[in-house]
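Single-structure report; data block below.
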Amino acid sequence: MRQQGILIRWNDNRGYGFVEPDNGGPAVFAHISEFRQQRLRPKIGDRLTYDLETGGPKGPRAIRIEAELEPGFRPESRHRFALWSPAFLVLALVSVGSAVWTADKFLIPRLTPESSEPSPPDDPVAQPQPLPSFAPNPGSFQCRGKQYCAQMVSCAEATFYLQNCPDQYTDGDGDGVPCESLWCN
């Protein structure tokens with residue numbers, strides 16, 4: 012049978028207190044884990060309903076405790092961030108926009124080849140670098156989808172791929188010499 016009482020003592024740091032039953036008798040122990048409304052912090056003077064458990068080593072204790080709420084009382088609810096709220100949509104659009112701008116500015120130029128036409132030299136007197144003096148044997152290499160210098164094993168292979176295979180990203184400055192910083196230096 013449900014009992015009623017008023018919370019007369021409460022230790023918030025330890026999460027327990029005592030209830031004075033309406034029908035008299037000794038104070039009843041109440042632990043925070045027995046409160047059904049976990050989001051409400053108990054406070055002295057709260058009117059409570061509870062089931063009484065007797066026979067414990069330390070005397071009677073309240074279980075399945077509920078605070079009697081005043082009419083019209085609404086407990087503080089945690090504000091949940093609505094997924095489709097205007098603030099969330101603005102934040103999402105800004106995030107996507109900055110990701111696209113960053114990719115366009117920094118990532119895509121590194122992945123796409125430079126113009127196939129060599130750019131005019133800064134110094135008109137300077138001579139273009141000659142191609143390597145070796146002639147790769149076309150029979151020793153095959154187009155197998157390699158596109159980057161890190162996938163090549165020699166200058167000869169890089170030169171073969173640049174001259175014979177599509178979608179090459181091995182000649183960044185467009186001077187006809189592939190993989191200058193790795194193989195053909």
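Residue numbers (my numbering): 12 to 196. Virtual Cβ for every residue (Gly too), placed ideally from N, Cα, C. Quantities reported herein were computed from a predicted structural model and do not represent experimental measurements.
Return the Cβ separation of residue i and residue j in integer angstroms, given the expectation that the two are a contact with Cβ distance under 8 Å.
i, j, result
"G28", "N34", "Contact doesn't hold; Cβ gap of about 19 Å is too wide."
"R20", "I55", "7 Å"
For residue i, name the three-state secondary structure that DSSP assigns.
i, result
"F99", "helix"
"N175", "helix"
"P55", "Residue identity differs from the one stated: residue 55 is Ile in this sequence, not Pro. I55 falls in the coil class under three-state DSSP."
"A38", "coil"
"E77", "strand"
"W21", "strand"
"F46", "strand"
"T60", "strand"
"E168", "helix"
"R16", "For clarity, residue 16 is Gly in the given sequence; the question names Arg instead. In the structure shown, G16 sits in a strand (DSSP, three-state: E or B)."
In whole angstroms, give me the CA-to-CA distance for residue i and residue j.
i, j, result
"T65", "F40", "11 Å"
"R75", "H42", "10 Å"
"G26", "P68", "19 Å"
"G70", "Y61", "15 Å"
"N196", "L102", "47 Å"
"T113", "Q179", "24 Å"
"G108", "D115", "10 Å"
"L100", "A110", "15 Å"
"E45", "V105", "46 Å"
Got a sec? Which residues, its chain only, sit under 7 Å from residue i by beta carbon, not counting five neighbours each side?
i, result
"C190", "C160, M163, C166, A169 and T181"
"C176", "C154"
"S144", "A caution first: S144 carries a pLDDT of 47, below 50, which makes its placement in the model too unreliable to give a value."
Skipping 5 residues on each side, what residues in its chain have a beta carbon closer than 6 Å to that of residue i?
i, result
"F152", "E168 and F171"
"A38", "F29 and E31"
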